[in-house]
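Only one structure is covered here, and it is reproduced in the block below.
Below you can see the structure in the form of structure tokens.
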């Protein structure tokens, strides 16, 4: 008797149909400078420019002494590199942080040199698009491996979630009244393994966490909602391999969309329904002809449902390739991902998209 595949076993466990793994062709790739050679691409965050979507930026974390926080454009071109700050382990970005009473786009990184977290602002109109806030890190003493930013809709308060490779996961409230960023610990969450990735769904006040050896988890994001999580997918039997990377959210309207996980050990990306939190299937990024352009051992990923101008009018997905040197990430139009599945996934910019099977009742983003 043949043993069931992880996807088939996931279908049996969850009681839902699971699509077979599909292949999506990338349309472009990032072009890091030669100085990044040898550095590992640890994380990528996408900042969507509200006024000029075609000027949106990818913020990447490399653990190379020659390049830590590196910025790329939608065409794959490298724009900036915060060389003086050294190697980074993780990066997150969010608009609307009140810094000295002015709303700013906040970037938080897990900095190896600063032994903690560092903060930056983003402005695409500046000569230096990314500028650090303060002289060094604002929270020091711990080497973090993953970060995510969160704004509570009810209170308006800002938070950062920060996890470590030893399984510590903490939530800090962030303030910027004095022109610098201050962090106050509000709770420590109970975990089951090393923290690989973090993503917050503010529409449902949910924190999604990938934990090595323990799969995908969901925690309440609100600071007063407890410290225990719910395991959504068990590695090895819930559609994920034994080695996972980052997690990201495709935020469609009315709370619909998908949770995507970099399945490093499977050279693939797993897709879960955002509301039901059940597995849809997985896909690989690779040339249709089996060429060398493919996402090998992917760790980092980012996705958006927003239109990014004429090149990516219906959203964009990127995933990292660990075997390239310098390490890069590959671009794929979201419709190419969505239409590779049967039934097709939701394409939020298209009014005729049926949205697949994503059900639920939570509010929109």
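Numbering (our numbering), first residue to last: 40 to 404.
C-beta: ideal position from N, C-alpha, C; glycine also.
According to DSSP, what are the bridge partners of residue 209? BP columns for residue 209 point to 201 and 227.
Keeping to the same chain, check which residues put their C-beta closer than 7 Å to that of residue 179; ignore five residues upstream and five downstream. The beta carbon of residue 179 lies closer than 7 Å to those of 153, 154 and 155 in the same chain, with the five residues before and after it left out.
From the DSSP output, which residues share a beta bridge with residue 137? 142
According to the neighbour-count rule (16 or more other Cβ atoms, all chains shown, within 10 Å of its Cβ), is residue 121 buried or exposed? By the neighbour-count rule (16 or more Cβ atoms within 10 Å), residue 121 is buried.
Residue 295, buried or exposed, once every other Cβ within 10 Å from all chains shown has been counted against 16: Per the 10 Å Cβ criterion, buried.
Would you call residue 73 buried or exposed, if buried means 16 or more other Cβ atoms sit within 10 Å of its Cβ? exposed
Roughly how many angstroms lie between the CA atoms of residue 134 and residue 143, to the nearest whole one? 6 Å
Tell me whether the stretch 320–339 and the stretch 357–377 touch, counting them as touching only if at least three CB pairs, one residue from each stretch, are closer than 8 Å. yes
In angstroms, rounded to a whole number, what distance separates the CA positions of residue 70 and residue 273? 35 Å
Our contact map puts residue 333 next to residue 326 with C-beta atoms below 8 Å; I'd like the distance itself, whole angstroms only. 7 Å
Can you tell me whether residue 376 is helix, strand or coil according to DSSP? helix
Does the stretch 252–265 come close enough to the stretch 221–240 that 3 or more CB-CB pairs lie under 8 Å? yes
Just confirm the distance between the C-beta atoms of residue 309 and residue 278, as a whole number of angstroms; I'd bet it's less than 8 Å. Confirmed, Cβ separation roughly 5 Å.
Meets three-Cβ-pair contact criterion under 8 Å: the stretch 200–208 and the stretch 166–185: yes
With which residues is residue 241 paired in a DSSP beta bridge? DSSP, once it has assigned bridges, lists no residue as partnering residue 241.
Taking DSSP's pairing of strands, which residues face residue 351 in a bridge? Secondary-structure assignment with DSSP links residue 351 through no beta bridge to anything.
At what residue ranges does the stretch 300–352 contain a whole run of the alpha helix (DSSP H), taking only runs of 4 or more? none
Reduced DSSP secondary structure (H/G/I, E/B, other) of residue 123: helix
Roughly how many whole angstroms lie between the Cα atoms of residue 259 and residue 284? 21 Å
Looking only at its own chain, which residues have a Cβ that is under 8 Å from the Cβ of residue 371, when we skip the five neighbours before and after it? Take residue 371, set aside five residues on each side of it, and the residues of its chain with a beta-carbon closer than 8 Å to its own are 63, 64, 65, 66, 324, 355, 356, 357 and 358, in chain order.
For residue 147, the residue or residues it bridges with in DSSP: 131 and 158
Give the DSSP-derived three-state secondary structure of residue 93 in the structure shown. helix
For residue 86 and residue 95, believed in contact at Cβ under 8 Å, the rounded distance: 6 Å
Of the residues 191, 286, 384 and 189, the one placed nearest residue 235, counting alpha carbons only: Nearest option by C-alpha distance: 286.
Beta-carbon proximity check, residue 132 vs residue 141, cutoff 7 Å: No, the Cβ-Cβ distance between residue 132 and residue 141 is not below 7 Å.
Nearest CA to the CA of residue 365: which residue from 89, 88, 100 and 90? 100
Contact defined as beta carbons within less than 8 Å: I believe residue 150 pairs with residue 176. What is the distance between those atoms, to the nearest angstrom? So it is a contact: roughly 6 Å between Cβ atoms.
Terminal residues of the beta strand (DSSP E) in which residue 108 lies: Looking at the DSSP string, the run of the beta strand (DSSP E) that includes residue 108 is 106–111.
So what does residue 118 bridge to, in DSSP terms? For residue 118, which the question treats as bridged, DSSP gives no partner whatsoever.
Under DSSP, the beta strand (DSSP E) around residue 270 begins and ends at which residues? 269–272
Quick check: the Cα distance between residue 397 and residue 307, rounded to an integer number of angstroms? Since pLDDT at residue 397 reaches only 32, below the 50 mark, its modelled position is unreliable, and no value is offered.
Please report the straight-line C-alpha distance between residue 197 and residue 214, rounded to a whole angstrom. 7 Å
Could you pull out every residue in the same chain whose Cβ sits closer than 6 Å to the Cβ of residue 42, ignoring the five residues on either side in sequence? Because residue 42 sits at a pLDDT of 40, beneath the cut-off of 50, its placement in the model cannot be relied upon, and the following sentence gives the value as read from the coordinates. Cβ within range, chain order: n/a, list empty.
Where residue 312 falls, given that 16 or more other Cβ within 10 Å makes a residue buried: By the neighbour-count rule (16 or more Cβ atoms within 10 Å), residue 312 is buried.
Proximity below 7 Å, CB of residue 217 to CB of residue 169: One thing to note: residue 217 has its Cβ no nearer than 7 Å to the Cβ of residue 169.
Under 6 Å Cβ to Cβ from residue 282, same chain only, skipping five residues before and after it: list those, please. 303 and 304
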